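Take the position in the sequence shown, starting the count at 1, then add 2; the result is the number in the numbering used here.
These notes are about the structure you will find just below.
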Amino acid sequence: MSDTNSDQQEPSIEDILASIRQIISEDGNESLDQKGAAPPSEKEESSAELVDRSSEASEEVRVGGVSDDILVLTDVIDEQEPVTGSSPEVKPHENIGLGDEKLISDGVERISAATMSGLTTALATDPAVGDGSKTLEQLVKDVLQPILKQWLEENLPEIVDRIVREEVERIAARVK
């Protein structure tokens, strides 16, 4: 029962949209009146005023339970000259060194260098396996060739016979 009372008190979406349109049109008329009455001022609307206007519109939308994900763009912003000198100067990256301090000892450095050297050498060589004269592809071919030969000898006659029989039956069916 309380749900029906709250539903009756809340304005409909159409009412909310109508009030937003009315506010927008009033703001548009005021800006038109200002433009006609006096030359445009150099001072733009402050960000505080924009935030106030935005929060008022958001409150109106929230009262009706409508999501404030919908954004209506009403203010026309003229393109301005690019702002210069407002950003802080970027200093070039300074090399922050540790001086003479080392993070690792000499022994660890030598072991790491030897390991990296061995890894580089291993990556630079051919991917030969076995005795070093054959690649992995060649080994796979050598292993699969006898297996494939045996399978073909056992199954190829049956496959050819079945395919030929199906083709002959299909041709005979067309002739009839």
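Built from N, CA and C at the ideal position, the CB exists for glycine as well.
All values reported here derive from a predicted model rather than from experimental measurement.
On the three-state DSSP scale, how would you describe residue i?
i: Ser107; result: coil
i: Glu201; result: Outside the shown range of the chain (3 to 178) lies residue 201, about which nothing can therefore be said.
i: Lys178; result: coil
To the nearest angstrom, how far is the alpha carbon of residue i from that of residue j?
i: Leu105; j: Glu111; result: 10 Å
i: Arg172; j: Leu138; result: 45 Å
i: Ser107; j: Met118; result: 17 Å
i: Leu121; j: Ile113; result: 12 Å
i: Glu44; j: Glu12; result: Confidence at Glu44 is low in this model, with a pLDDT of 43, below 50, so the placement of that residue should be treated as unreliable; the coordinate-derived value is given next. About 42 Å.
i: Ile161; j: Leu154; result: 10 Å
i: Gly30; j: Ile15; result: 22 Å
i: Lys178; j: Glu169; result: 15 Å
i: Pro159; j: Ile165; result: 10 Å
i: Pro148; j: Gly109; result: 53 Å
i: Glu156; j: Ala175; result: 31 Å
Residue i CB to nearest chain B CB: under 7 Å?
i: Lys151; result: Here chain B cannot be found, since the structure has a single protein chain.
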